[in-house]
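Asker: In the working numbering, the protein residues as written are 1 to 243.
#1: Does the beta-carbon of residue 231 have 16 or more other beta-carbons within 10 angstroms, so that it is buried, or is it exposed?
#2: With residue 202 and residue 173 assumed to form a contact (beta carbons below 8 Å), what rounded beta-carbon distance in angstroms separates them?
#3: Is the beta carbon of residue 171 within less than 7 Å of some heavy atom of the ligand HEM?
#4: Nearest-angstrom Cα distance between residue 182 and residue 54?
#5: Is the segment 154-171 in contact with the segment 182-199, if contact means three or more CB pairs nearer than 8 Å?
#6: Output the boundary residues of the alpha helix (DSSP H) element that contains residue 161.
#7: Assuming residue 67 and residue 8 form a contact by the criterion Cβ under 8 Å, report the distance between their Cβ atoms to the nearest whole angstrom.
#8: Suppose the cutoff is 7 Å on Cβ atoms and the five residues either side in sequence are ignored; what does the same chain contact list for residue 11 look like?
#9: So, for residue 19: in the same chain, excluding its five sequence neighbours on each side, which residues have a beta-carbon less than 6 Å away from its beta-carbon?
#10: Excluding sequence positions up to five away, which residues of its chain have a Cβ less than 6 Å from the Cβ of residue 96?
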């Protein structure tokens, strides 16, 4: 049977808690002796999952260039659908999410996943009917982030936004005509940033379910940025505010 790797504490913990049968083994850096690592080890032992303690060089070789955080899991078979609750229920800090509404170019999706990984986003969410999907092109462009950042597709994005609000997650949409820019707007700790397609922006229902709208102040002659670039600018400002 084929196997694949996932890495990073969020991805491995979520998989271990919600689909432990798919986890063949977990390789953890011997230097990770903090509470987070101890909790993961205890849960793996409870589930009867094989644990391998190794040095950091082995993990770097298994996932070259990836931010694995000192933990890699080897999974049975191909990729299974991941639900939003799988991620949110395992978090020990306020959720930090990226929502893509209408990003249909796989290279843009891959670049957004890479930016999300760099900014420490817990999950990327997209509607099933208006998204590129994790194609080979998207995965390659993501440079490993397609495994480290959970990518969740939902049937009804507007309903998902309402469910996030019920969890006290603030929905921040991006729009060129917004009154506040990203540097003067408030950024709550629990936040979901919504990015629309370049040129088209967010759909009406998506926009109506946002708690606030922000814009990136543009100083030159161009009117908009590529969606992955814009996502990076906004996400890192949100990350700065989180401390």
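Backbone N, C-alpha and C define an ideal beta-carbon position, used for all residues, glycine too. Values in this document were obtained by computation on a predicted structure and should not be read as measured data.
Answerer: Working from what's here:
#1: By the Cβ neighbour-count rule, residue 231 is buried, with 16 or more other Cβ atoms within 10 Å of its own.
#2: 6 Å
#3: Looking at this structure, you won't find the ligand HEM or any other ligand, since it has none at all.
#4: 42 Å
#5: yes
#6: 157-166
#7: 7 Å
#8: 147, 148 and 150
#9: none
#10: So the qualifying residues of the chain are 121 and 122.
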